[in-house]
Every structure is written in structure tokens, then in C-alpha cells.
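Following: one structure in C-alpha cells, then a few remarks.
Encoded structure:
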């Protein structure tokens, strides 16, 4: 018949003890003097054997709980013996599910197809930052993620290489540019433009703002806002340069607005703040906006919205000293106009060699949509505006 | 050396043709491997394994019969009167055999189409790269293999003082093969097998009692899931003795003991369903250097590899003993052994119980999610709110969604009610796709269906912002 086995007095004046580890579970058969439980007093851990043979019906306390001497430790069916039975498979099921909970906590947020792709490419998903909601890893997030290098020859390099993870803006730039460079066939039109008139206009405008006491505007009137204004003026007539090609759907989007990104070097990397609806803004407004955006970009204060969604990009790499560059087209765009450093150069006018300020232009376009003649037509118009900026007046509404 | 010991060479040797083994064999053959499948054959084996021959499929056939009979006698819909419904178990057995044979032929054709060789016999490893198969005719065949995949499954665990005798003390296999409904059935073990078969026999007219050592039925599942099943057992007049242990047969009865003392339940037949033990004890595993743990299970990695050349899948590995888990692992093992990157890393393995009402669960329960340290949000929608459930006449149950607020994703779904076994697949997909409750809410569910339960529960976790 069932009987209660109570926590015995284990001596030394102990009144209570904590259950450390049960050696049996309900349903288990236990032999007389067989291991039953380990308890911990404030003196020692003591193993308590079963007082009789029988079947465990109920445990008086779980591991970690404390019992006082005399409390029921375990209920045993100690008579001629019940039959021990245990349900192993169910226990496994519980263990399996509990293990699942632990696993679920650290697992990358990725669907089976993405997990399979990562496996095939040898990508460790725990190291991939997901671009989806709440960090979900999408198939596109795996693009540009390098597979771990296969172990090379087992020779220590003379000087250790520094291996650092790509993070933050750098990683974002790396992914974006890899994607652009790998997917967009670039066609580039290189030109030189006589910037005499442009330079004169810029000086006139700046001096005029200075004389009017508008130091802010005077400082903002670099060559970049003029170039942005010119692009904004021309793009409505060259809509394929203000567009996007989607090869998955095999369609072209001609952007409804003209949002011009201006490539800006920052300590973290290249950022492209965007002047929205540039075609509807005056030169003054564009100049002032750029004068605010560029320092804010360098200070890392721009929002994602201010840094994405350009429909065309102007890249004044001349500010970095470059004479000529190779612009790379950004996502969602079909063109990037690079502008080199304005330099006084020897040029031929008539039969004379004369010295003129010269601006080099390198306009990259997405060849999938834009052929050389289409691109040349835009660049020719642009060069004309640079050389005769007074035409801006005619173009302006 | 006798001629018979001349070893044949095998590229990939698959041991066991159950839902794990045959799926693995077919996948490996697809990948260009030369595959030999060894299966011990009837009664517990054969193409499709225990699942097809003596498990999943036959038990579902019996449950369907019992449900139809129950429905005929006590219609759950209004306006139906049926007289003279009668159960003909021999006719049922013939129907069941036809189903099993047809499905087994399907497996046979699948393997034949992939060029898989099938050998019937009991396999035992005898060298690190060799196995001997005892054929039914007493002869032996030797196979020298490059790789082996162990998919030998499990068998019902026995209770020492109640040894299976095939007459009175029965395995689930025996009960599923009965051609007469016993007057009384004592079920030892209130796990899913015991309850599924116990309820079915109760519907067919047996006086059924259940003895369970734990303090509730379905101890492996979340407690809330078991409650409607307890009510279902009560409706069928099934006597349940919890926190009780079996003492032994006592005349026509089965004696049990618990804290209150002893009792007996009527036991013309006894079903012992206390779990399953892996079939790893008679495989000669030491010869190939693959150890088993105390429970007889083989340790494997994510690729299901137990060693460089030996994989193990299904019930012989740790985890829930479920056919669909074995099949999924079989694909992984076949690919891993064939040099294709693969890992068994499901976000959830659905578990389903064909009790009345049905239970289905995938992913984490609320308790597991809290223990796992998630930012838990839980909602439960009772089946009583479902118009479709009302017209089916079965509205005891619920749908529960467990979500994580910080990642905004569904962690687990539990369901109790009609067709829960069918409905859980959507929840499983949601969890695998890292869906948020809003993803489920934003997906139109057809009306009127039981699938609206998941939609309604998810919608409560994805409140739409109030209009500003």
C-alpha cells in the first residue's frame, strides 16, 4: 500500500534541506537502499536511499525546493510491488521541444529557401544583417555576402593580415555598388566643357549675394548647385536618364519626379543626400539646401529618407582633386553625372591656343536602356548649358 | 570461406524502408547514387514501414471508422436519424489492408523507378564497412558498403510484468488488427497512441479505461491542449486514472495503484502504449563504431551524420518520433551523404494527435516561449466563435497563437478541434517564413471555414492602429 516517506532527520540538528537532484521519477521502480534523492543541508549534500522496494507514486517537492524534516519526501507503493512504467518517448518529446525553444531564440530570421541558399553558398546566417522588417534576412540580403574563404595553405604569413568585418555604411555601400556594378552595363560619355561663362556666372552670383549681405547664400554658391540646377532643367527632356530598369519584371520606370542625389564624401564613406523635386526649386533654394545637407551628411545626421530615392545623381569628384572619374550608377537610377576639377587648360579656339577654365564631364548611363546616341544627346545639351549658362534663363519656367 | 560470404558491394546502404528510409533512398538515387534498401519486411516493417503498415495509416482508418459509427449513433448535426448502423471489423480489416497494399505498391514503384534495389531481411553490421543480411529463407547476403543510413525506426515499449502475448496484452499493432471489438479495453499510458486508439475503441463499443503515471493525459503536450480531450474522454465514458501505476492482471481486470490505494479496471484486452523504443539494439552498431545512449538513440549532427560514412534518421535519433520528421531528415541525410550542403534545422516540427477533438501544435507553446526569454504575446480564440465549427457540430477547442513582440513574429501555434491536423500546416509555413501576426491577419482566409480561427487569433495580436 502507498506510504509516505518523510524527510528523515539527517542529524547535526538540521531542520530543513533543499532537494538537489531526484534519482527517480513517478512511475519508477526503486529497490530498497537504491538511490532516491540528493538533498543539501547547510552542512553537506546527502544522498538518501529508498527505505524499501516499490514504485514511486509522487514526489513531495521538486529539485530546488526546500523541505523541513518530517515533510513528505516521496510517496511510495511499497507493498508487494506495483509495476514501474515510464513513458520514454513522451519524455523525449518534451526534451525535443524544449531544445527547440532554446534553438528558436538564437536562430536567424530566415525562410527555408534563404537558409538553403546560405547553406549552399557557405554563408553563416548569424553573421548576416537582414534588411527585412525586424531584421528578417531576405534572399537579396545574401547578394554580395562572400562565402568563407576555403582554408589556404597552412603557412603563417610573414606579417599578420588585419581582417575586419564590413559594417554599417561601408557594408551598405559595398553591397549597393557590387549590385550596381554587376548588374548594370555602364556606358560612359566623357567630355570637356569650356567653363569660362559658368565660372563668371558663379562669381557674379556669389559677389551679388555677398553685396546683398547674404553671406550664407554666397558661401553656398559653389559650382555644384549650378550643376544640379542644370541637370534638373534638362532631365524632363531626357526622361530615360531619370528612370530605373527592373530586369526581374523586365520593365522600365520613368520617374515622375526629379530627385537629384549629390554624392558626398564623409568619414564613414560615400553618402548621397537627395534634393527632392529639384526641377521646381530655384538655384538659390538648391544652393541653400545643399549647404545644409552636405554637412549634415558628414555629421551622420541625415535620415534614411534623406539619403535614398534619388532619381539621378551628380557626383562632383572634382572637389576631391580628380580630373576625370568613372561614376557608378546607383540603385533605382539610370545615370550618374561625374564632374571633374575645373582647371585652366590650354585649348584651341580658332587657330589659337588659349587658356580657359575647363570642366571635364563623365556621364555614366545604363546601357540596357540608354544607347550612346541618347546619352550623347543629354551630355551635349549639358555641355551647352555649361558653356552658355545664360540659356538657363530660357529654360526656366 | 563459404561462397555466400562473398560480399556484394553497395554504394549507399539504407537500413529500413519506412517514411525516413524510403524517402532518403529515393533522394539519394535522384542524386546519382546506387542505393540498396534493406528492410526486415512484415509484420512490423515492409515498404512504408511501421507508419504505413501498423501505425499512422491503419490507426487513421480505424479512427475514421469509429468516428463515422459514433456519428451514426449520436449525430453531431441536427436532423439526422440513422438506424441499424453496425460495425463489421473483418470487413474493415479487408478495407484497411487494401489501402495499405495500394500505398505500399506506390512506394515500391517509386523506388523501382529510381533504380533502388530492395532486399528483404534482417541486417546486422559485422565490420566497419560490412553488413550481413539474414534472408527469410535462412540464407545470408553480405554487403560491403561505402556509406550507410540507419532508419530502422522504433517499436512499442513493453512493460516487464505485462509482457505482450498477442492475445490479451496487446501492442498498438495488435489492437489495430482486431477483428472483434473487445467488451473492455484497459489502456496503459495516456500518450497520443493510447488515447487515439482508446477513444476509437470506446466509440466502437468497448468499455475503455486509461491508466497513466503522470498527473494528466498527454503529458508531453501543453496542459491547455489536453483539457478538451479530457472532456472528449468523459463524453465517451472513458474512465481515466491519473498518477496511477499498474500492478498487474487481476482475473478479468487490471489492477492499478495510486495514492488513494488500489483499484481495478475491466480488461478483456490490455493495450500497453507507454512509448516506443528505437530499433538499434540488434544492428551490430559497435562493429561500425556508432554508439547509442542509454535510451538506445544514436547521436547525429545537423546533417544527420553519426560518423563520416554513417547517417541516422527518424525514431533512432533524439526528438519526437514522427514520420514527417523522419522523411525531412531522410532528405537531409541523403543530400549530406552525397556531398550536397544540407542541414536539418526546421523552425518547427508539427505534432498532431488524432484524438477527439484533434490536437495540433507547432513551434513554441506559451510556456516554452516564456522560458526561452522571448517578449511573448499570446492570444486564444475559442472554437465556439466559429460559425463553421457550429455547423460541423464540434465546437470544443481553440486556436492559440504565440508571438514574439520584439521580432514581430509567430513563434508557435496550438490548435484543438476538428481538422486541427490539416490546419496546422498553414501555421507551420508561417513560422518557417518568419511571418508576423500581421502577415496572417493581412492574408484573406475563406469564410466560413475552420481556418478563420488562426486568422482571428493572429488579428488580435496585430491590432490595426486607431485612426488618427
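Protein chains in written order, with my numbering: chain D, 1 to 397; chain X, 1 to 468. Beta carbons are placed, not taken as given, at the ideal position from N, Cα and C, and that holds for glycine. None of these values were measured; they are calculated from a predicted model.
Which value, in whole angstroms, describes the spacing of the CA atoms of residue i and residue j?
i: residue 81 of chain D; j: residue 5 of chain D; result: In this predicted model, residue 81 of chain D has a pLDDT of only 41, less than 50, meaning its place in the structure is not dependable enough to derive any value.
i: residue 219 of chain X; j: residue 191 of chain X; result: 7 Å
i: residue 185 of chain X; j: residue 210 of chain X; result: 9 Å
i: residue 361 of chain D; j: residue 429 of chain X; result: 53 Å
i: residue 332 of chain X; j: residue 124 of chain X; result: 24 Å
i: residue 295 of chain X; j: residue 24 of chain X; result: 24 Å
i: residue 100 of chain X; j: residue 59 of chain X; result: 11 Å
i: residue 156 of chain X; j: residue 278 of chain X; result: 9 Å
i: residue 371 of chain D; j: residue 254 of chain D; result: 16 Å
i: residue 141 of chain D; j: residue 227 of chain X; result: 44 Å
i: residue 22 of chain D; j: residue 369 of chain X; result: 26 Å
i: residue 379 of chain X; j: residue 347 of chain X; result: 20 Å
i: residue 233 of chain X; j: residue 203 of chain X; result: 10 Å
i: residue 345 of chain D; j: residue 356 of chain D; result: 6 Å
i: residue 343 of chain X; j: residue 199 of chain X; result: 38 Å
i: residue 122 of chain X; j: residue 39 of chain X; result: 7 Å
i: residue 319 of chain D; j: residue 294 of chain D; result: 13 Å
i: residue 260 of chain D; j: residue 418 of chain X; result: 59 Å
i: residue 90 of chain X; j: residue 162 of chain X; result: 27 Å
i: residue 369 of chain D; j: residue 185 of chain D; result: 10 Å
i: residue 139 of chain D; j: residue 275 of chain D; result: 31 Å
i: residue 88 of chain X; j: residue 175 of chain X; result: 15 Å
i: residue 67 of chain X; j: residue 131 of chain D; result: 49 Å
i: residue 126 of chain X; j: residue 142 of chain X; result: 9 Å
Near residue i, what residues of its chain come up, given a Cβ to Cβ distance below 8 Å and the 5 sequence neighbours on each side ignored?
i: residue 159 of chain X; result: 188, 246, 272 and 274
i: residue 115 of chain D; result: 108 and 125
i: residue 83 of chain D; result: The predicted model places residue 83 of chain D with a pLDDT of 43, which falls under 50 and marks its position as unreliable; any figure quoted below should be read in that light. Correct list, in chain order: 29 and 55.
i: residue 426 of chain X; result: 451 and 454
i: residue 238 of chain X; result: 198, 199, 202, 208, 209 and 210
Going along chain X, which residues have a C-beta under 7 Å from residue i?
i: residue 27 of chain D; result: 213 and 245
i: residue 115 of chain D; result: 345
i: residue 136 of chain D; result: 434
i: residue 77 of chain D; result: 245 and 257
Residues of chain D with CB under 7 Å from residue i, in chain order?
i: residue 341 of chain X; result: 119 and 120
At 8 Å on the CB atoms, spell out the chain X contacts of residue i, in chain order.
i: residue 133 of chain D; result: 408 and 436
i: residue 139 of chain D; result: By Cβ distance, chain X contributes nothing, its closest Cβ being about 12 Å from residue 139 of chain D, past 8 Å.
Taking C-beta to C-beta, are residue i and residue j nearer than 8 Å?
i: residue 409 of chain X; j: residue 376 of chain X; result: no
i: residue 400 of chain X; j: residue 457 of chain X; result: yes
i: residue 2 of chain D; j: residue 124 of chain D; result: no
i: residue 196 of chain X; j: residue 354 of chain X; result: yes
i: residue 225 of chain X; j: residue 310 of chain X; result: no
i: residue 65 of chain X; j: residue 92 of chain X; result: yes
i: residue 428 of chain D; j: residue 206 of chain X; result: Residue 428 of chain D lies beyond the residue range present for chain D, which begins at 1 and ends at 397; the question has no answer from this structure.
i: residue 414 of chain D; j: residue 35 of chain D; result: Residue coverage of chain D in this structure runs from 1 to 397, which leaves residue 414 of chain D outside it and unanswerable.
i: residue 314 of chain X; j: residue 18 of chain X; result: yes
i: residue 328 of chain D; j: residue 208 of chain D; result: no
i: residue 333 of chain D; j: residue 311 of chain D; result: yes
i: residue 37 of chain X; j: residue 118 of chain X; result: yes
i: residue 115 of chain X; j: residue 29 of chain X; result: yes
Output, in chain order, the set of chain X residues within a Cβ distance shorter than 9 Å of residue i.
i: residue 107 of chain D; result: 345 and 347
i: residue 57 of chain D; result: 213, 243, 244, 245, 257, 258 and 259
i: residue 72 of chain D; result: Here the premise fails: no neighbours, minimum Cβ distance about 10 Å.
Going by beta carbon distance, what residues of the same chain come within less than 6 Å of residue i, once the five residues before and after it are set aside?
i: residue 229 of chain D; result: 283 and 286
i: residue 8 of chain D; result: none
i: residue 194 of chain X; result: 187 and 273
i: residue 192 of chain D; result: 358 and 360
i: residue 404 of chain X; result: 374, 375 and 411
i: residue 110 of chain D; result: 125 and 137
Give me the chain D residues within the contact set of residue i, using Cβ-Cβ distance strictly less than 8 Å, ordered along the chain.
i: residue 223 of chain X; result: Those within 8 Å of residue 223 of chain X in chain D number zero; the least Cβ separation is about 12 Å.
i: residue 432 of chain X; result: 111 and 112
Looking only at its chain, what residues have a beta carbon closer than 7 Å to the beta carbon of residue i, apart from the 5 residues adjacent to it on each side?
i: residue 40 of chain D; result: 17, 18 and 20
i: residue 281 of chain X; result: 296
i: residue 89 of chain D; result: Only weak support is given to the placement of residue 89 of chain D: the predicted model assigns it a pLDDT of 40, under 50, and the question is left unresolved by the model.
i: residue 15 of chain D; result: 68 and 69
Three CB pairs or more closer than 8 Å across the stretch 248 to 256 of chain D and the stretch 264 to 284 of chain D
no
Can at least three beta-carbon pairs, one atom from the stretch 312 to 328 of chain D and one from the stretch 226 to 245 of chain D, be found at a separation below 8 Å?
yes
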